[in-house]
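Here is the structure we will look at, set down as structure tokens.
There are 4 protein chains.
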Amino acid sequence: MSPKIVDREAKRQAILAAAIAVFAEKGYHATKMADIARKAEMGKGTLYEYFRTKEELPKSIFGLMLEAFDQEISQLEQAHADPVDAIMAGIQLCFQDLDEFAYVTPLVFEILGNKDLDRSIGLSEDFKQWLEGINQFFIAQIQAGQAQGKISSKLSAPIFARMLVSILDGMATHYCMFHFQPDFFMAQVKALEDMVCSYLVSSIGDKQ
Amino acid sequence: MSPKIVDREAKRQAILAAAIAVFAEKGYHATKMADIARKAEMGKGTLYEYFRTKEELPKSIFGLMLEAFDQEISQLEQAHADPVDAIMAGIQLCFQDLDEFAYVTPLVFEILGNKDLDRSIGLSEDFKQWLEGINQFFIAQIQAGQAQGKISSKLSAPIFARMLVSILDGMATHYCMFHFQPDFFMAQVKALEDMVCSYLVSSIGDKQ
Amino acid sequence: MSPKIVDREAKRQAILAAAIAVFAEKGYHATKMADIARKAEMGKGTLYEYFRTKEELPKSIFGLMLEAFDQEISQLEQAHADPVDAIMAGIQLCFQDLDEFAYVTPLVFEILGNKDLDRSIGLSEDFKQWLEGINQFFIAQIQAGQAQGKISSKLSAPIFARMLVSILDGMATHYCMFHFQPDFFMAQVKALEDMVCSYLVSSIGDKQ
Amino acid sequence: MSPKIVDREAKRQAILAAAIAVFAEKGYHATKMADIARKAEMGKGTLYEYFRTKEELPKSIFGLMLEAFDQEISQLEQAHADPVDAIMAGIQLCFQDLDEFAYVTPLVFEILGNKDLDRSIGLSEDFKQWLEGINQFFIAQIQAGQAQGKISSKLSAPIFARMLVSILDGMATHYCMFHFQPDFFMAQVKALEDMVCSYLVSSIGDKQ
DNA sequence: AATGAATGAGCCTTCATTCAT
DNA sequence: AATGAATGAAGGCTCATTCAT
Numbered sequence: 001m002s003p004k005i006v007d008r009e010a011k012r013q014a015i016l017a018a019a020i021a022v023f024a025e026k027g028y029h030a031t032k033m034a035d036i037a038r039k040a041e042m043g044k045g046t047l048y049e050y051f052r053t054k055e056e057l058p059k060s061i062f063g064l065m066l067e068a069f070d071q072e073i074s075q076l077e078q079a080h081a082d083p084v085d086a087i088m089a090g091i092q093l094c095f096q097d098l099d100e101f102a103y104v105t106p107l108v109f110e111i112l113g114n115k116d117l118d119r120s121i122g123l124s125e126d127f128k129q130w131l132e133g134i135n136q137f138f139i140a141q142i143q144a145g146q147a148q149g150k151i152s153s154k155l156s157a158p159i160f161a162r163m164l165v166s167i168l169d170g171m172a173t174h175y176c177m178f179h180f181q182p183d184f185f186m187a188q189v190k191a192l193e194d195m196v197c198s199y200l201v202s203s204i205g206d207k208q
Numbered sequence: 001m002s003p004k005i006v007d008r009e010a011k012r013q014a015i016l017a018a019a020i021a022v023f024a025e026k027g028y029h030a031t032k033m034a035d036i037a038r039k040a041e042m043g044k045g046t047l048y049e050y051f052r053t054k055e056e057l058p059k060s061i062f063g064l065m066l067e068a069f070d071q072e073i074s075q076l077e078q079a080h081a082d083p084v085d086a087i088m089a090g091i092q093l094c095f096q097d098l099d100e101f102a103y104v105t106p107l108v109f110e111i112l113g114n115k116d117l118d119r120s121i122g123l124s125e126d127f128k129q130w131l132e133g134i135n136q137f138f139i140a141q142i143q144a145g146q147a148q149g150k151i152s153s154k155l156s157a158p159i160f161a162r163m164l165v166s167i168l169d170g171m172a173t174h175y176c177m178f179h180f181q182p183d184f185f186m187a188q189v190k191a192l193e194d195m196v197c198s199y200l201v202s203s204i205g206d207k208q
Numbered sequence: 001m002s003p004k005i006v007d008r009e010a011k012r013q014a015i016l017a018a019a020i021a022v023f024a025e026k027g028y029h030a031t032k033m034a035d036i037a038r039k040a041e042m043g044k045g046t047l048y049e050y051f052r053t054k055e056e057l058p059k060s061i062f063g064l065m066l067e068a069f070d071q072e073i074s075q076l077e078q079a080h081a082d083p084v085d086a087i088m089a090g091i092q093l094c095f096q097d098l099d100e101f102a103y104v105t106p107l108v109f110e111i112l113g114n115k116d117l118d119r120s121i122g123l124s125e126d127f128k129q130w131l132e133g134i135n136q137f138f139i140a141q142i143q144a145g146q147a148q149g150k151i152s153s154k155l156s157a158p159i160f161a162r163m164l165v166s167i168l169d170g171m172a173t174h175y176c177m178f179h180f181q182p183d184f185f186m187a188q189v190k191a192l193e194d195m196v197c198s199y200l201v202s203s204i205g206d207k208q
Numbered sequence: 001m002s003p004k005i006v007d008r009e010a011k012r013q014a015i016l017a018a019a020i021a022v023f024a025e026k027g028y029h030a031t032k033m034a035d036i037a038r039k040a041e042m043g044k045g046t047l048y049e050y051f052r053t054k055e056e057l058p059k060s061i062f063g064l065m066l067e068a069f070d071q072e073i074s075q076l077e078q079a080h081a082d083p084v085d086a087i088m089a090g091i092q093l094c095f096q097d098l099d100e101f102a103y104v105t106p107l108v109f110e111i112l113g114n115k116d117l118d119r120s121i122g123l124s125e126d127f128k129q130w131l132e133g134i135n136q137f138f139i140a141q142i143q144a145g146q147a148q149g150k151i152s153s154k155l156s157a158p159i160f161a162r163m164l165v166s167i168l169d170g171m172a173t174h175y176c177m178f179h180f181q182p183d184f185f186m187a188q189v190k191a192l193e194d195m196v197c198s199y200l201v202s203s204i205g206d207k208q
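Residue numbers (the UniProt record's numbering), protein chains in the order written: chain A, 1 to 208; chain B, 1 to 208; chain C, 1 to 208; chain D, 1 to 208.
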């Protein structure tokens with residue numbers, strides 16, 4: 001409410017923006033606090049007015065990102081009446097705003113790859129929970145679809161859902177890492193949707 | 001006249017084994033050369049008799065691994081007469097010996113996440129080529145299958161193949177990172193094979 | 001708003017003074033950065049705020065010294081109308097402030113004696129040029145003296161001048177290394193001047 | 001007498017020769033024991049059968065050199081009847097075999113410049129004594145010449161002699177360091193002899 | 001609140017020396 | 001006697017963090 005508060009929050013954001021940019025360019029370990037200060041156009045000391053340690057920076061960055069993710073997932077839960085539609089929407093959601101995320105992919109890797117850092121930031125734990133959220137969404141939709149006779153009863157919802165989560169992460173990660181042409185990637189997504197969709201509904205109506 | 005006889009190759013392997021173990025436990029940056037020396041039960045100086053720098057260790061580790069991979073891929077090329085069988089074999093190959101690989105997954109992440117380290121080791125470049133090898137294998141098999149009328153002509157080989165590569169990497173990575181129960185993962189692989197297989201042959205014989 | 005105010009130049013000088021003192025006491029290789037930091041009463045890290053490497057220290061020390069030398073030589077060029085007077089003044093200049101220089105003589109030796117160090121510092125190159133400057137001064141004065149009939153035409157200016165340079169360096173160096181009594185050394189200088197002076201004018205007016 | 005002894009002595013010499021060569025090329029600090037072993041074509045361990053430490057190598061090298069010097073000086077003492085001739089011979093002696101010495105000049109510098117090393121090797125002490133031997137020789141000859149009326153009584157033998165020693169060292173050192181053309185250097189030596197000779201006999205027969 | 005000078009713990013690497021063979 | 005593999009103490013340098021101004 002007071003101007004001070006606004007200032008502080010804006011400055012925090014400015015620092016985070018600078019940190020994201022420099023981390024993305026150099027990676028976490030290769031980034032010095034001095035680099036971030038320079039990018040944010042402030043003194044090194046000032047950074048420590050807003051973040052107690054270097055580790056707080058990725059902690060905040062990913063905290064915000066995962067928070068945003070979580071919101072989007074919970075929105076999904078309600079938007080679609082038809083389970084198969086909902087699943088397709090879930091797939092699409094995973095590939096939304098991927099370009100923004102591509103930026104920090106190497107940073108995610110570096111943190112997940114460093115036990116100490118990861119423990120302190122809790123990234124892999126948060127990440128796991130985020131995936132689990134998606135997983136639960138898919139499980140629920142598949143089971144609903146099976147109950148409604150719209151999805152083959154032969155497939156195991158927990159197994160298929162978890163497989164789907166891995167698949168989506170794999171495709172998203174490869175897009176982020178290898179910088180596919182958008183058209184080429186879109187075609188891949190289309191192929192995936194097609195394959196998943198036909199598989200879900202396959203043998204519905206088969207006599208058993 | 002009789003200098004101390006040492007099996008240098010065995011010692012190199014012992015060091016690499018120690019390095020893998022410590023890297024896996026702590027990550028690359030958090031691992032000190034002293035840690036590796038202690039694990040390998042030798043002096044710090046001895047490490048440098050076998051590897052010029054700390055970076056040489058992951059370089060050797062991944063050099064050996066990717067070499068082994070490459071051999072296995074090239075073997076695949078010939079073993080299967082039926083393209084669809086070959087594709088299934090390719091999928092299975094990607095999930096072979098995954099437990100051994102799981103060990104170093106975080107190390108891969110950390111290196112891919114660090115520009116300097118990656119450049120010096122050349123891991124992402126090697127990794128990309130390895131994936132490209134698999135991609136080419138799938139493309140070739142799909143096209144062969146289409147030529148033989150065993151695979152639907154509707155799908156684009158380059159797009160589907162590349163999607164499959166991303167999918168396989170995603171599933172393998174999630175297995176390595178989240179330590180699924182083997183049965184649970186096997187069921188996922190089964191579901192994937194099932195889905196891919198039906199998609200490849202779908203609408204063969206459809207009148208169009 | 002008001003950052004810590006520091007006279008960076010003064011601090012640089014303080015570090016150089018400490019470095020000279022410790023180098024003089026122990027020699028370059030035996031001096032640890034920690035020794036210099038202790039002598040300068042600051043942390044090791046602070047040294048690196050002012051000098052990028054250990055080698056920068058002798059580089060700066062000799063840079064400043066040779067700069068001062070060069071100025072003094074160029075002043076000599078004009079101050080004396082009579083060439084013989086100028087030569088005597090040149091000789092005296094070489095023995096001025098010798099006590100200050102005595103301090104770093106062993107350091108000069110150590111650097112000149114170490115190929116790598118010398119290359120990086122460029123000391124022997126600078127030193128050579130400095131001697132060449134003195135040499136040219138003597139050559140010019142001798143030739144002027146010969147043109148004016150004040151110096152024997154029999155002697156070769158380039159040869160005599162270069163000999164004189166070696167002689168002066170030899171005497172200065174011995175003074176610095178063996179710490180002669182000032183009176184004893186002054187008497188040597190006097191003898192040299194006497195000898196050189198009589199030799200320069202010898203056989204002027206001889207009929208030939 | 002026994003072949004073993006001869007073998008050992010030959011090997012010691014081989015090691016010293018290798019050491020001189022490598023020290024000359026790289027300087028003392030930059031030379032590793034492994035370099036010397038390689039040059040001498042033997043194992044590192046073997047070096048330590050002949051020399052207890054790295055420092056023993058320059059200690060032996062200079063021990064032998066200075067021993068050879070001392071012999072030559074003492075020979076001078078008797079060879080010349082005329083004091084002025086003897087002094088000229090002394091000057092020439094200082095410039096004999098200079099090319100051989102040029103080889104190790106940087107090594108001498110490096111050792112003289114390092115207090116610890118010098119103390120352990122005792123080089124500067126030995127060097128000082130060697131110079132003092134030459135000094136005493138010149139003093140004796142000058143005084144003899146003065147007694148015989150062949151050298152001006154005006155000059156102080158101790159002062160002139162010591163000056164001469166510094167001069168000779170200066171010229172020899174510059175030859176070794178700056179690699180003058182032999183002719184150019186010979187002409188300098190000639191000029192020096194000429195100057196010294198005329199100065200010694202100057203004003204003999206002056207009325208006083 | 002903002003700054004950046006100062007700090008020192010910590011790490012990779014070197015290399016003289018040892019010693020088992 | 002000869003070897004060279006093994007060792008570990010030591011040093012230059014980095015950089016996250018502190019704190020005086």
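Built from N, CA and C at the ideal position, the CB exists for glycine as well. Only a predicted model underlies this, so the values are computations on that prediction, with no experimental measurement involved.
Within the segment 99-112 of chain A, those residues whose Cβ lies closer than 9 Å to any Cβ of chain B are, in chain order, 105, 106, 107, 108, 109, 110, 111, 112.
When secondary structure is reduced to three states using DSSP, residue 80 of chain D falls in the coil class, being assigned neither helix nor strand. In terms of CA proximity to residue 20 of chain A, A:105 leads the group A:146, A:155, A:105, A:126. Distances from the CA of residue 162 of chain D to each of D:134, D:154, D:188 were compared; the closest alpha carbon is that of D:134. Per DSSP, reduced to three states, the secondary structure at residue 155 of chain C is coil, with no helix or strand assignment. Against chain D, a Cβ distance below 7 Å from residue 66 of chain C picks out nothing, because the smallest value is about 16 Å. Counting along the chain, the unbroken alpha helix (DSSP H) around residue 99 of chain A starts and ends at 98-102. Taken through DSSP and simplified to helix, strand or coil, residue 42 of chain B comes out as coil.
The three-state reading of DSSP puts residue 67 of chain C in helix, counting H, G and I together. Here residue 65 of chain B has 101, 104 as same chain residues with Cβ atoms under 8 Å from its own Cβ, once five neighbours each way along the sequence are excluded. The Cβ of residue 80 of chain C sits no closer than 7 Å to any Cβ of chain D.
Per the C-alpha coordinates, the member of B:195, B:167, B:60, B:177 positioned closest to residue 112 of chain A is B:177. For a cut-off of 8 Å, the C-beta gap from residue 120 of chain D to residue 193 of chain D is around 38 Å, too long to register as a contact. Here the alpha carbons of residue 196 of chain A and residue 151 of chain A stand approximately 11 Å from one another. One alpha carbon belongs to residue 191 of chain D, the other to residue 147 of chain D, and they sit about 26 Å apart.
If you draw a 10 Å sphere on the C-beta of residue 13 of chain D, you find fewer than 16 other C-beta atoms in it, and that means exposed.
Proximity of residue 145 of chain B to chain A, defined by a Cβ-Cβ separation below 7 Å, is not satisfied. Counted as a single uninterrupted DSSP element, the alpha helix (DSSP H) harbouring residue 121 of chain A occupies residues 115-121.
The three-state secondary structure of residue 148 of chain D, taken from DSSP, is coil. The DSSP-derived three-state label of residue 53 of chain D is coil. In the DSSP annotation of this structure, the continuous segment of the alpha helix (DSSP H) that includes residue 111 of chain B starts and ends at 105-112. In the structure shown, the three-state DSSP call for residue 7 of chain D is helix. Assigned with DSSP and collapsed to three states, residue 86 of chain D falls in helix. Annotated three-state conformation of residue 179 of chain A is coil, per DSSP. A direct Cα-to-Cα measurement between residue 181 of chain C and residue 186 of chain D gives close to 33 Å. In the three-state DSSP reduction, residue 202 of chain B falls in the coil class, being neither helix nor strand. Buried is the label assigned to residue 27 of chain C, since at least 16 other Cβ atoms lie within 10 Å of its Cβ. At a cut-off of 7 Å, the C-beta of residue 114 of chain A has a neighbouring C-beta in chain B. In its chain, beyond the 5 residues on either side, 152 have a beta carbon closer than 8 Å to the beta carbon of residue 202 of chain A.
A Cβ of chain B is located within less than 7 Å of the beta carbon of residue 170 of chain A.
A distance below 8 Å between beta-carbons, with the five flanking residues on each side excluded, links residue 32 of chain A to no residue of its chain. Within the same chain, and ignoring the five residues on either side of residue 165 of chain C in sequence, the residues whose Cβ sits closer than 8 Å to its Cβ are 131, 134, 135, 138.
In the same chain as residue 172 of chain B, and ignoring 5 residues on each side of it, the C-beta atoms closer than 8 Å to its own belong to 94, 95, 98, 101, in chain order. Cβ-Cβ separation between residue 157 of chain A and residue 83 of chain A: approximately 11 Å, too far for a contact (criterion under 8 Å). Residues of the same chain with a CB within less than 7 Å of the CB of residue 11 of chain D, apart from the 5 flanking positions on each side, are 50 in chain order. Between the alpha carbons of residue 35 of chain C and residue 22 of chain C lies a gap of roughly 7 Å.
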